[in-house]
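K.L.:
Residue numbers (the working numbering), protein chains in the order written: chain G, 2 to 445; chain S, 2 to 445.
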DNA sequence: AAATGTTCACCAAGTTCA
DNA sequence: TGAACTTGGTGAACATTT
Ligand SMILES: [Zn+2]
Ligand SMILES: [Zn+2]
Ligand SMILES: [Zn+2]
Ligand SMILES: [Zn+2]
């Protein structure tokens with residue numbers, strides 16, 4: 002209102018001076034406060050490289066975008082003020098350029114369009130790819146069950162046999178670059194803890210809740226003999242070749258027990274037949290264990306920080322595992338860890354691993370396939386929805402690729418466990434052996 | 002002079018106050034704030050730099066435009082009022098100038114003409130020769146979403162079941178001229194790729210994000226039996242009649258997943274009801290798939306060059322499709338490909354296919370029809386605008402004709418898929434079956 | 001927090017027509 | 001002529017991105 006009022010008096014556009022833009026501002030220092038370089042109105046900040054008011058900001062952008070010629074109806078020397086700035090676009094625009102407003106800083110049509118599309122897309126993913134309540138439920142159930150069955154601080158991991166990091170020279174050096182030297186001979190104290198009878202006697206079994214038992218009676222004889230030097234070792238140093246084995250076996254047993262509890266806590270898992278439950282677990286236990294270990298993997302130290310105990314890849318060696326397994330596994334942990342997954346994502350891939358319909362021995366592919374599908378879509382949607390950044394669309398394929406990689410190790414793991422068992426019996430728990438055994442329950 | 006005039010005016014009105022406040026009645030809050038400075042009539046706003054009524058506004062413009070000299074019939078000192086303002090043009094105009102109305106602010110003849118031209122252009126040329134920004138936006142959104150959901154190099158197509166190009170002799174030779182001999186028994190290696198659990202389990206479903214599910218439970222029994230030799234085949238060679246089927250099914254599934262993602266990425270699609278989304282997808286998936294395949298169709302070799310794998314029409318045969326479908330499809334690909342469409346045009350026709358209001362089961366024809374219309378007009382305008390050459394006006398009708406042709410194949414495709422499924426079950430993914438199934442979601 | 005774009009009442013040009 | 005209307009520019013307030 003006051004602006005229009007002043008309009009009349011500023012008719013003498015060219016002649017008069019700015020007169021009174023400071024009347025309103027308390028600061029008598031015109032230079033000090035923020036004044037629009039074009040019209041003298043209050044400026045709130047820099048726009049297109051000059052200190053201007055909101056009006057001149059919008060005017061400049063619109064004029065650039067319009068890119069139609071302007072003509073001064075007066076004498077091309079209008080003095081632009083807050084009140085008369087609308088009277089002559091040509092001189093206003095000229096002043097804009099004169100004080101340094103740059104047209105390059107106005108986003109081009111294409112830039113804006115691109116930005117808009119991108120924004121649309123984001124909203125899309127938020128709104129439409131929005132997690133369905135079904136999917137939310139899936140995640141929540143998984144998270145809850147995961148948390149109650151994964152002791153990420155390993156505080157309940159007690160009563161284990163001590164970790165012995167001495168490397169007893171084996172008959173032949175099967176070193177790899179990974180294993181040339183362990184910088185941390187003793188990564189962390191993992192010595193004796195008070196013996197816990199619960200742990201050493203395994204309270205949990207794949208088929209413990211069922212009448213079916215594909216358990217420890219199964220012999221290993223059906224396994225093809227590994228081409229490696231098992232006989233040598235066997236005869237050589239019976240119980241002390243793999244110094245870390247007792248501890249690692251206990252750790253593994255501990256992990257497996259939790260993984261079984263995790264699986265059995267899932268509705269979709271329980272609704273499968275016992276046979277398929279066992280098949281899935283036999284197929285996925287190793288993978289889930291590695292996924293869980295990955296959650297505590299420190300990518301800069303290459304250590305697994307399991308609460309008070311820290312492990313390194315050499316511990317795997319000391320437990321008798323071979324580079325053929327350890328090397329890809331090491332790579333896997335680095336790759337996956339670098340994806341910096343969130344807990345929800347970790348638990349989803351655990352579940353995806355569990356519900357793999359193509360495990361040996363699986364009878365009912367249908368429902369497992371469906372669950373797997375739901376899980377995969379949920380993970381994908383979750384990533385689309387919750388992740389930001391330009392590379393987010395690459396995350397899902399990367400995760401999948403990690404899982405695929407992991408999958409290729411399962412068989413080798415079983416093989417090496419069986420070898421180790423052969424070399425150093427009575428150290429690996431029956432539970433581990435059961436998981437690793439090839440007998441599918443359908444054979445029972 | 003304007004100040005003087007305003008002063009007089011002000012004085013006559015309020016007789017008080019210092020002349021500093023001056024300038025018409027903004028400060029005379031109690032007084033009529035909006036009175037015409039010329040005649041005292043109600044003023045609705047500023048006109049040509051003075052607060053005037055509508056009458057004086059029009060009078061001033063006309064007078065300026067006429068630019069003919071005026072003479073006062075009286076003594077050149079008429080007092081202008083609302084009632085007598087028409088009696089002396091000269092004194093009225095003089096008063097107009099006196100209160101600050103500026104002739105420069107009346108647009109000149111040329112300016113007005115220019116403006117008119119500009120407006121005409123908006124209404125005519127723009128619609129015909131220039132893409133409106135709205136249309137630009139449509140195209141850009143489509144392009145962006147198409148590119149992010151169409152893997153034209155098929156680099157993400159992995160984990161498929163291998164392509165087997167052996168042709169097992171069927172009970173009767175249903176050859177056509179197309180199939181007399183396949184010059185490339187093995188068009189390209191399409192053997193095993195590393196197994197990818199994600200692909201083989203279908204991570205995407207038409208109705209996955211809704212509670213509605215028209216999914217796999219639907220039986221096929223309602224379909225009329227195809228007259229062909231299905232019983233023979235069925236009893237003959239159970240699982241290996243259509244050697245290419247596993248691979249083609251995986252490819253199809255892969256394509257469908259991307260097409261669903263494409264559709265769901267479109268704002269206009271998402272704003273439809275879930276039911277209509279499903280109906281549109283069921284109707285258009287085959288067509289969009291063919292359009293996408295057409296983009297990689299090599300018209301001189303008659304091969305589809307899908308990244309590292311190349312397919313020929315015989316692969317369709319080997320997957321169990323019949324000439325009744327394959328022949329028109331082959332023709333379609335040649336015809337469409339020869340039009341040498343650009344990516345923008347391809348994506349527009351994909352969208353036009355998707356937003357076909359007359360798909361079975363569609364409930365809300367209105368909005369779909371509107372979108373379809375917009376798309377068609379955009380395509381037409383695009384062609385008019387971007388294409389050159391004498392035959393450009395023929396392109397749009399030709400494209401439309403291709404779409405019509407394609408449309409006639411949809412039903413036959415569904416029929417043949419169902420036949421194939423009957424002959425060789427457990428090979429076609431549930432997702433494909435869902436797309437092909439006749440159950441409209443309203444039946445659920 | 002700063003600086004882009006976006007939105008939308010609102011204002012003042014022209015236009016229509018009785 | 002002028003009331004009623006259409007049109008397109010304005011800019012304060014808001015949203016988004018970094
Ligand atoms: Zn300004
Ligand atoms: Zn000027
Ligand atoms: Zn008047
Ligand atoms: Zn007169």
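Glycine is no exception: its CB is placed at the ideal position from the N, C-alpha and C atoms.
So the alpha helix (DSSP H) residue 95 of chain G belongs to, where does it begin and stop?
P.N.:
Residues 90–99.
K.L.:
Between which two residues does the alpha helix (DSSP H) carrying residue 243 of chain S extend?
P.N.:
Per DSSP, residue 243 of chain S belongs to no alpha helix (DSSP H) and is neither H nor E.
K.L.:
Which value, in whole angstroms, describes the spacing of the CA atoms of residue 117 of chain S and residue 277 of chain S?
P.N.:
Approximately 44 Å, taken between the alpha carbons.
K.L.:
Anything in chain S within Cβ reach of residue 398 of chain G, meaning under 8 Å, just list it in chain order.
P.N.:
Those are 157, listed as they occur along chain S.
K.L.:
Short of 7 Å Cβ to Cβ, which residues in the region 265–284 of chain S face chain G?
P.N.:
If the cut-off is 7 Å between Cβ atoms, the region 265–284 of chain S has 265, 266, 268 and 271 near chain G.
K.L.:
How would you call residue 385 of chain G, buried or exposed, if buried means at least 16 neighbouring beta carbons within 10 angstroms?
P.N.:
Classification of residue 385 of chain G: buried, given that the 10 Å Cβ count is 16 or more.
K.L.:
Do residue 82 of chain S and ligand 6 come close, with the Cβ less than 7 Å from some heavy atom?
P.N.:
Ligand 6 is not part of the structure shown, which contains ligand 1, ligand 2, ligand 3 and ligand 4 as its ligands.
K.L.:
Could you name the residues of the same chain whose beta carbon sits closer than 6 Å to that of residue 51 of chain S, not counting the 5 residues immediately before and after it, in chain order?
P.N.:
Only 38, 100, 101 and 102 meet the Cβ criterion.
K.L.:
Does the Cβ of residue 333 of chain G have 16 or more other Cβ atoms within 10 Å, making it buried, or fewer, making it exposed?
P.N.:
Label assigned to residue 333 of chain G: buried.
K.L.:
Find the residues of chain S that neighbour residue 88 of chain G, judging by a C-beta separation of less than 9 Å, and give them in chain order.
P.N.:
Ordered by position in chain S, the residues that pass the 9 Å Cβ test against residue 88 of chain G are 50, 103, 105 and 106.
K.L.:
In the DSSP assignment, find the beta strand (DSSP E) that holds residue 311 of chain S and state where it starts and stops.
P.N.:
Per DSSP, residue 311 of chain S belongs to the beta strand (DSSP E) from 310–312.
K.L.:
Collect the residues with a C-beta less than 6 Å away from any heavy atom of ligand 2 and give them in sequence order along the chain.
P.N.:
Working through the chain, the matches are G:73, G:75, G:77, G:79, G:89, G:91 and G:92.
K.L.:
Where does the unbroken beta strand (DSSP E) through residue 53 of chain S begin, and where does it stop?
P.N.:
Where residue 53 of chain S is concerned, the enclosing beta strand (DSSP E) stretches over 51–53.
K.L.:
Given that residue 141 of chain S touches chain G, what residues does it touch there, using C-beta distances under 7 Å?
P.N.:
By Cβ distance, chain G contributes 114 and 118.
K.L.:
Leaving aside the five residues before and after residue 223 of chain S along the sequence, list all residues of the same chain whose C-beta is less than 8 Å from its C-beta, in chain order.
P.N.:
Any reading at residue 223 of chain S must be qualified, since the residue scores a pLDDT of 33, below 50, and its modelled position is unreliable; the value itself is stated next. Contacts found: 439.
K.L.:
At 3 residues or longer, and completely inside the region 276–317 of chain G: list those beta strand (DSSP E) runs for me, N to C.
P.N.:
Those beta strand (DSSP E) runs which fall completely within the region 276–317 of chain G and span 3+ residues are 304–307 and 310–312.
K.L.:
How big is the Cα-Cα spacing for residue 227 of chain S and residue 320 of chain S?
P.N.:
A caution first: residue 227 of chain S carries a pLDDT of 41, below 50, which makes its placement in the model unreliable, though a value can still be read off. Cα-Cα distance, rounded: 17 Å.
K.L.:
So residue 46 of chain S is in the beta strand (DSSP E); what residue range does that whole segment cover?
P.N.:
Taken as a continuous stretch (DSSP letters only), the beta strand (DSSP E) holding residue 46 of chain S covers 46–48.
K.L.:
CA-CA distance, residue 269 of chain G and residue 142 of chain G?
P.N.:
One C-alpha to the other measures close to 11 Å.
K.L.:
Under the three-state reduction of DSSP, which class applies to residue 107 of chain S: helix, strand or coil?
P.N.:
Residue 107 of chain S falls in the coil class under three-state DSSP.
K.L.:
Less than 8 Å between CB atoms is the rule here; does residue 121 of chain G satisfy it with respect to chain S?
P.N.:
Judged by the 8 Å Cβ criterion, residue 121 of chain G is in contact with chain S.
K.L.:
Give me the Cα-Cα distance between residue 416 of chain G and residue 119 of chain G, rounded to the nearest whole angstrom.
P.N.:
Cα to Cα, the separation comes out at about 49 Å.
K.L.:
Counting pairs of Cβ atoms below 8 Å between the region 302–312 of chain S and the region 152–160 of chain S, do you hit three or more?
P.N.:
Touching, yes.
K.L.:
With a cut-off of 8 Å on the beta carbons, I'd call residue 355 of chain G and residue 289 of chain G a contact; round off their distance for me.
P.N.:
Right, the Cβ-Cβ distance comes to about 6 Å (below 8 Å), so this counts as a contact.
K.L.:
Judging by CA-CA distance, which residue of S:97, S:104, S:111 and S:137 is the nearest neighbour of residue 114 of chain G?
P.N.:
For residue 114 of chain G, the nearest C-alpha among the options comes from S:137.
K.L.:
Could you check whether the region 256–270 of chain S touches the region 323–338 of chain S, counting it as contact only if at least three pairs of C-beta atoms, one from each stretch, sit closer than 8 Å?
P.N.:
No, the region 256–270 of chain S does not touch the region 323–338 of chain S.
K.L.:
Hey, out of G:317, G:382, G:360 and G:372, whose CA is closest to residue 421 of chain G's CA?
P.N.:
Taking only the C-alpha atoms, the option nearest residue 421 of chain G is G:317.
K.L.:
Tell me which residues share the same chain as residue 35 of chain G and place their Cβ nearer than 8 Å to its Cβ, disregarding the 5 neighbours each side in the sequence.
P.N.:
Same-chain partners within the cutoff: 43, 44, 45, 46 and 52.
K.L.:
Below 7 Å on C-beta distance, what does residue 74 of chain G contact in chain S?
P.N.:
In chain order: 105 and 106.
K.L.:
Given this structure, state the Cα-to-Cα distance separating residue 424 of chain S from residue 242 of chain S, to the nearest angstrom.
P.N.:
Those two C-alpha atoms are separated by around 8 Å.
K.L.:
In chain order, what residues of the same chain lie with their CB nearer than 6 Å to the CB of residue 104 of chain S, ignoring the 5 residues before and after it?
P.N.:
Excluding positions up to five away in sequence, the list reads 65.
K.L.:
Please state the DSSP three-state secondary structure of residue 337 of chain G.
P.N.:
Three-state DSSP puts residue 337 of chain G in a helix.
K.L.:
In chain order, what residues of the same chain have a beta carbon less than 6 Å from the beta carbon of residue 1 of chain S, not counting five sequence neighbours either side?
P.N.:
The displayed coordinates of chain S run from 2 to 445. Any statement about residue 1 of chain S would go beyond what the structure contains.
K.L.:
Given 7 Å as the limit, tell me if residue 341 of chain S has its C-beta closer than that to any heavy atom belonging to ligand 1.
P.N.:
No - ligand 1 has no heavy atom lying nearer than 7 Å to the Cβ of residue 341 of chain S.
K.L.:
Under 7 Å: does the beta carbon of residue 56 of chain G sit that close to some heavy atom of ligand 1?
P.N.:
Because some heavy atom of ligand 1 lies under 7 Å away, the Cβ of residue 56 of chain G counts as near it: yes.
K.L.:
When the Cα atoms are used, what is the spatial distance from residue 254 of chain G to residue 280 of chain S?
P.N.:
Going by the C-alpha atoms only, they are around 52 Å apart.
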